[in-house]
Amino acid sequence: MAYDEKVADRVRRALGGRRNLVERKMMGGLCFMAGGNMGCDVTGSALMVRVGREGYEKAVALADVRPLKFGGRRPSGFVLVDPAGYRTERMLKAWIERGLDVAARLPKKSPRKAAK
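This is the structure:
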């Protein structure tokens, strides 16, 4: 599934001057990473957000938030936020910050080496 360019542009604007982030196309979406760990991703028109295992149940109980289903599995620690859940810039920024904060607390990953 392709990602929505308008949503991706909103995420970029919400990130503003935040440093040390990497933007990468992955699995048909557009991923925003901190320390080599995914914080959030635009997939279709939804926002995939890393909430961590400790934040999963609370996040999935919110309106316009649903579990991530990937390859027939439900990875714990990630949710999908539908457009109504990030309709305002304030709501969008809160979700992005939440995902990137969780990602930043994880051990940093070294950059991948280019394939030959």
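Sequential numbering of the sequence shown, starting at 401, is according to our numbering. No residue lacks a Cβ here, since even glycine has one placed at the ideal position from N, Cα and C. Owing to the predicted nature of the structure, the values given are computational and were not obtained by experimental measurement.
Would a C-beta distance cut-off of 9 Å place Met426 and Gly499 closer than the cut-off?
As a working mapping, residue 426 is identified with position 26 in the sequence shown. As a working mapping, residue 499 is identified with position 99 in the sequence shown. No.
Rounded separation between Lys406 and Pro475 - CA only:
In the sequence shown, the residue the question calls residue 406 occupies position 6. In the sequence shown, the residue the question calls residue 475 occupies position 75. Distance between the alpha carbons of Lys406 and Pro475: 26 Å.
Tell me which same chain residues have a C-beta within less than 8 Å of the C-beta of Gly472, skipping the five on either side of it?
Walking along the sequence shown from the start, residue 472 turns up at place 72. Counting only Cβ-Cβ distances below 8 Å, and skipping sequence neighbours, we find nothing.
In terms of residue numbering, what span does the beta strand (DSSP E) encompassing Leu421 cover?
By one-based count along the sequence shown, residue 421 stands at place 21. Boundaries of the beta strand (DSSP E) around Leu421: Leu421 to Met426.
Can you give me the Cβ contacts of Gly477 inside the same chain, cut-off strictly under 7 Å, excluding the 5 residues immediately before and after it?
The residue given as residue 477 occupies position 77 in the sequence shown. Excluding residues within five positions, the ones whose Cβ falls inside 7 Å are Arg450, Val451, Gly452, Arg453 and Tyr456.
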